[in-house]
Amino acid sequence: MPDNLIHEIALLSPSDLSRIIEMAWEDRTPFEAISQQYGLSEANVIALMRKNLQESSFKMWRKRVTGRVTKHRQLRDPTIDRAYCSSQYKFKS
């Protein structure tokens with residue numbers, strides 16, 4: 594892992610690190626959304642996941658996201674312009 598990436602990850606707060614991992618696991622959140630919010634490229638997110646997940650979890654995640662249309666904005670339907678499901682993050686009363 595490049596030294597500058599280690600430094601970038603070290604500067605993240607625990608809540609930001611947790612949110613990036615959560616976004617990476619979400620099927621509908623493209624890598625570009627993570628890049629836009631946190632400045633991390635897809636390769637950086639992969640390195641971050643490799644460093645912070647158990648090896649088996651990382652392998653399972655890589656298998657899931659490799660080639661997944663919803664994780665890459667260029668492969669998505671152009672009418673989808675949001676990073677998450679419209680019903681996600683709605684508070685229930």
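Heads up: the sequence shown at position 19 corresponds to 612 in my numbering, and the numbers run straight through without jumps.
Idealized CB from N, CA, C, for every residue including glycine.
All values reported here derive from a predicted model rather than from experimental measurement.
Inset, instruction - For Gln-647, name the three-state secondary structure that DSSP assigns. - result: Within the sequence shown, residue 647 is the residue found at index 54, counting from 1. The answer is coil: DSSP assigns Gln-647 none of H, G, I, E or B.
Inset, instruction - Sort Ser-649, Ala-640, Pro-623 by Cα distance to Leu-610 and report the nearest one. - result: For this step, residue 610 is matched to residue 17 along the sequence shown. Comparing Cα-Cα distances from Leu-610 to each of Ser-649, Ala-640, Pro-623, the minimum goes to Ala-640.
Legend entry - For Ser-611, three-class secondary structure by DSSP: The residue labelled residue 611 in the question sits at position 18 within the sequence shown. Ser-611 falls in the helix class under three-state DSSP.
Inset, instruction - Using only the heavy atoms of the ligand NAP, determine whether one of them is closer than 8 Å to the beta carbon of Glu-601. - result: This structure does not include the ligand NAP; it has no bound ligands of any sort.
Legend entry - Candidates Thr-659, Ser-608, Lys-652, Asn-637, of which the one nearest Glu-601 by Cα: On the sequence shown, residue 601 is found 8 positions in, with the first residue counted as 1. The shortest C-alpha separation from Glu-601 is found at Asn-637.
Legend entry - Residue nearest to Ile-614 in terms of C-alpha spacing, selected from Trp-654, Gln-629, Leu-604, Ser-649: Walking along the sequence shown from the start, residue 614 turns up at place 21. Comparing Cα positions, the closest option is Trp-654.
Legend entry - Span of the alpha helix (DSSP H) around Ser-628: In the sequence shown, counting from the first residue as 1, residue 628 sits at position 35. Residues 624-631.
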